[in-house]
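Trainee: Residue numbers (the numbering used here): 2 to 117. Glycine residues also receive a C-beta, built at the ideal position from the N, C-alpha and C atoms.
1) With C-beta atoms as the reference, is residue 30 less than 8 Å away from residue 65?
2) Residue 88 lies in the alpha helix (DSSP H); which residues open and close that run?
3) Given residue 35, which residues of its chain have a CB within under 8 Å of its CB, disregarding the five upstream and five downstream residues?
4) At what residues does the alpha helix (DSSP H) containing residue 20 begin and finish?
5) Could you name the residues that DSSP lists as bridge partners for residue 71?
6) Going by the beta-carbon positions, is the gap between residue 49 and residue 98 smaller than 8 Å?
7) Compute the distance between the beta-carbons of residue 63 and residue 74, then report whether it is under 8 Å.
8) My assumption, with CB atoms under 8 Å, is that residue 51 sits in contact with residue 91. Please give the rounded CB distance.
9) Would you mind reading off the limits of the beta strand (DSSP E) that contains residue 1?
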């Protein structure tokens with residue numbers, strides 16, 4: 002039980018050597034993994050999953066900041082160097098429509114008769 006980043010840190014502290022770490026999951030977890038590996042200069046790749054609308058980068062829905070530059074996950078990713086990703090911006094964008102998403106889900110459940 003616990004956080005994957007804590008397990009990773011314990012492994013590193015106890016002498017396990019990693020050439021590379023891949024992290025896939027919630028943005029908060031990937032950010033934590035990146036912060037664990039950064040001081041040890043372990044190459045860390047994350048697979049981002051922001052909303053993608055058109056798959057060509059034209060809509061901009063999947064834009065992320067990587068290395069200080071705008072990238073589009075649908076065409077430039079989804080894998081990026083974790084130490085270059087602006088996770089705070091990514092998380093902010095992912096949370097921008099939480100209330101609307103909640104309302105949409107409630108309406109969908111009502112239509113299907115699944116009100117809890």
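Mentor: By the coordinates alone:
1) By 1-based counting over the chain shown, the position of residue 30 is 29. By 1-based counting over the chain shown, the position of residue 65 is 64. In this structure, the beta-carbon distance from residue 30 to residue 65 does not fall below 8 Å.
2) By 1-based counting over the chain shown, the position of residue 88 is 87. For residue 88, the enclosing alpha helix (DSSP H) has its first and last residue at 88-95.
3) The count along the chain shown starts at 1 and reaches residue 35 at position 34. Here the set comprises 24, 45, 47, 83, 84, 86 and 88.
4) Position 19 of the chain shown, counted from the first residue, corresponds to residue 20. No alpha helix (DSSP H) contains residue 20, which DSSP labels as neither H nor E.
5) As a first step, residue 71 must be located in the chain shown, where it is residue number 70. Note: residue 71 sits in a beta bridge opposite 66.
6) For this step, residue 49 is matched to residue 48 along the chain shown. For this step, residue 98 is matched to residue 97 along the chain shown. In terms of Cβ geometry, residue 49 and residue 98 do not form a close pair [threshold 8 Å].
7) Here the question's residue 63 lines up with position 62 in the chain shown. Here the question's residue 74 lines up with position 73 in the chain shown. Taking 8 Å as the Cβ cut-off, residue 63 and residue 74 qualify as a contacting pair.
8) Taking the chain shown and counting its residues from 1, one reaches residue 51 at position 50. Taking the chain shown and counting its residues from 1, one reaches residue 91 at position 90. Between residue 91 and residue 51 the Cβ distance is about 7 Å, and since that is below 8 Å, they are a contact.
9) Shown here, the chain extends from 2 to 117; a query on residue 1 therefore has no answer.
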